[in-house]
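Top to bottom, those sequences are chains H and R.
Numbering of the first sequence is given in the working numbering, commencing with residue -6 and proceeding in unit increments.
Numbering of the second sequence is given in the working numbering, commencing with residue 82 and proceeding in unit increments.
For every residue, glycine included, the Cβ atom is placed at its ideal position computed from N, Cα and C.
Taking it in order: structure first as structure tokens, then the write-up.
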Amino acid sequence: DAMVIQNPRYQVTQFGKPVTLSCSQTLNHNVMYWYQQKSSQAPKLLFHYYDKDFNNEADTPDNFQSRRPNTSFCFLDIRSPGLGDAAMYLCATSIASGRGYEQYFGPGTRLTVT
Amino acid sequence: RKEVEQDPGPFNVPEGATVAFNCTYSNSASQSFFWYRQDCRKEPKLLMSVYSSGNEDGRFTAQLNRASQYISLLIRDSKLSDSATYLCVVNGDGGSQGNLIFGKGTKLSVKP
């Protein structure tokens, strides 16, 4: 089945230790997104790629970076995680259709910072 | 003013009940509207897109009122498995493919 895959599902890192989260998709969608979601809050868009074009949200901290080496893969790099970066990180994909840009989410990576 | 507002609930309803959620959005240029469902500690899953004329998918009916800038979701004959948080999602401006704004969600709990 076509899907969005995230690895790892659970990640524990130390304060200040760089971490990379990965996302892959078999949907062949041209748009990929990274969201941060904290408990009882709405998912917050960090950035997205439209094909190779990178779009950063204005309030996304510089500590968060992303790479998209090809259509199928996208990475989220957190250069120096702080305690406040503990959250669920969700990857999503979409493609333009007559219904706009419906987004399909991966299962998420739950990040713990110790 | 928050961009997408929802009543957080919880809505506690018995099985078989009909329940409705509303959502308001602030950007009149928004063009795309969706309802997502999110189970505890899981990812959001697309429930349905919302069309201008309103649309139905089984027990679920979505309506859009552009003049008043609100969206509704009606669930008929509630099942225990409908218990989840329902997220109202709106694109933030007329054309941006990435700028989806999520509401904080409305929690629904269906009891036996």
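Note: glutamine 7 of chain H is not bridge-paired with any residue in the DSSP secondary-structure output. In this chain, isoleucine 88 of chain H is not harboured by any beta strand (DSSP E), its DSSP state being neither H nor E.
With a threshold of 7 Å between beta carbons, proline 100 of chain H makes contact with chain R.
Assigned with DSSP and collapsed to three states, leucine 161 of chain R falls in helix. Between proline 74 of chain H and threonine 6 of chain H, the CB-CB gap stays under 7 Å. With fewer than 16 other beta carbons inside 10 angstroms of its own, methionine -4 of chain H counts as exposed. Residues of chain R whose Cβ lies closer than 9 Å to the Cβ of glutamine 96 of chain H are, in chain order, Phe115, Tyr117, Pro125, Leu127, Val170 and Leu181. Taking the CA atoms as reference points, leucine 83 of chain H sits about 10 Å from leucine 14 of chain H.
The beta carbon of aspartate 138 of chain R sits closer than 7 Å to the beta carbons of Met129 from its chain, once the five residues preceding and following it are set aside; these are given in chain order.
Pairing glycine 9 of chain H with phenylalanine 47 of chain H, the inter-Cα distance amounts to about 25 Å. Between arginine 61 of chain H and tyrosine 43 of chain H, the CB-CB gap reaches or exceeds 7 Å.
Here the C-alpha atom of valine 24 of chain H lies approximately 26 Å from the C-alpha atom of serine 32 of chain H. A residue is called buried when at least 16 other Cβ atoms come within 10 angstroms of its Cβ; alanine 85 of chain H meets this threshold and is buried. Contacts with chain R at 7 Å (Cβ-Cβ) do not include proline 54 of chain H. According to the DSSP secondary-structure assignment, alanine 143 of chain R is paired through a beta bridge with R:Asn136 and R:Leu154. Under the Cβ criterion of 7 Å, alanine 51 of chain H is not counted among the residues facing chain R. Per DSSP, threonine 99 of chain R lies in no beta strand (DSSP E) segment and is marked neither H nor E. Asparagine 172 of chain R counts as buried, since at least 16 other C-beta atoms from the protein chains shown sit within 10 angstroms of its C-beta. In the structure shown, aspartate 70 of chain H adopts extended strand secondary structure according to DSSP, grouped into three states.
Not a single C-beta of chain R is nearer than 7 Å to the C-beta of leucine 104 of chain H.
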